[in-house]
Every structure is written in C-alpha cells, then in structure tokens.
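A.B. asks: In UniProt numbering, the protein residues as written are 1 to 123.
C-beta atoms are modelled at their ideal positions from N, C-alpha and C, and glycine is treated no differently.
1. What residues in its chain sit with their C-beta under 7 Å from that of residue 49, if we drop five residues either side in the sequence?
2. Take the Cβ of residue 47 as the centre, count every other Cβ of all protein chains shown within 10 Å, and call the residue buried at 16 or more, exposed below.
3. Within the same chain, show all residues whose beta-carbon is closer than 6 Å to that of residue 52, passing over the 5 residues directly before and after it, in chain order.
4. Just to confirm before moving on: does the CB-CB distance between residue 82 and residue 109 stay below 9 Å?
5. State the DSSP-derived secondary structure class of residue 88, mapped to helix, strand or coil.
6. In the DSSP assignment, find the beta strand (DSSP E) that holds residue 99 and state where it starts and stops.
7. With DSSP as the reference, please indicate the residues paired to residue 52 in a beta bridge.
8. Which word fits residue 43, buried or exposed, when buried means at least 16 other C-beta atoms lie within 10 angstroms of its C-beta?
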C-alpha cells in the first residue's frame with residue numbers, strides 16, 4: 001500500500017475533537033473542559049451504580065452515597081458554566097439519586113453524558 005496525497009476518509013459520527021458535542025453556551029474555558037470531563041468520568045467509574053433514561057431530556061443516575069461531597073461539588077461547578085443543566089441530588093434508599101435535566105435543545109449533550117456514564121460503569 002502506498003499513501004495517497006491529500007486523500008482523507010470521513011466516517012459519519014466520528015470526530016477527532018472530543019469536545020465537539022460541548023455547546024457554545026458552555027462558559028467553561030476550553031482548556032479546562034478535558035479536566036471537567038475527566039472528573040465526570042472518574043465519578044462514573046467510582047460511584048455510578050445505575051443509570052436510567054427517564055425521558056429524552058431527563059437522566060437518572062444512582063450513585064454510591066460515599067460520593068456525595070464529590071458529586072455536589074462537581075454538579076455545582078457544572079451548573080455555573082452550563083446553566084442549561086438542572087441537577088437534583090437527594091438520598092434515596094441507600095443510594096444517592098442524581099436527576100439530570102436539560103432543555104430539548106440540549107438533548108445531544110445529555111445523550112453524550114449518558115454514553116460516557118455507560119462506558120464508565122463497564123470500564
């Protein structure tokens with residue numbers, strides 16, 4: 001095989017920019033976004049017990065109760081930069097219940113978080 005100059009292959013749905021799904025309304029500086037994603041990934045890997053999609057605009061995460069301080073801090077900071085998120089954290093039968101809601105215009109962001117959470121639970 002020989003390389004062909006200026007030949008590219010584009011596959012629909014693939015991107016080299018892992019932040020392509022982050023909406024313009026997010027005020028977190030782009031340099032800090034990978035760190036924030038890593039914080040969510042860590043929460044998913046260490047504390048996420050279950051995930052349920054309640055509607056296209058609402059997601060329910062069940063977390064280990066020992067992660068309450070971490071979860072509160074993370075969702076507090078995320079609410080500051082992405083005000084379209086609505087987070088509700090409450091104790092519920094031995095777990096933490098974290099409800100995440102977004103407006104219909106940001107369902108794609110919730111979809112991506114759901115995929116990241118699912119990947120983190122199985123990692």
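C.D. replies: This is what the structure holds:
1. 62, 63, 64, 95, listed in sequence order.
2. Residue 47 should be labelled buried.
3. Same-chain partners within the cutoff: 60.
4. In this structure, residue 109 lies closer than 9 Å to residue 82 by Cβ.
5. Looking at residue 88 - three-state DSSP - the assignment turns out to be strand.
6. Start and end: 95-101.
7. In the DSSP assignment, residue 52 is bridged to 60.
8. Looking at its Cβ environment, which holds 16 or more other Cβ atoms inside 10 Å, residue 43 is buried.
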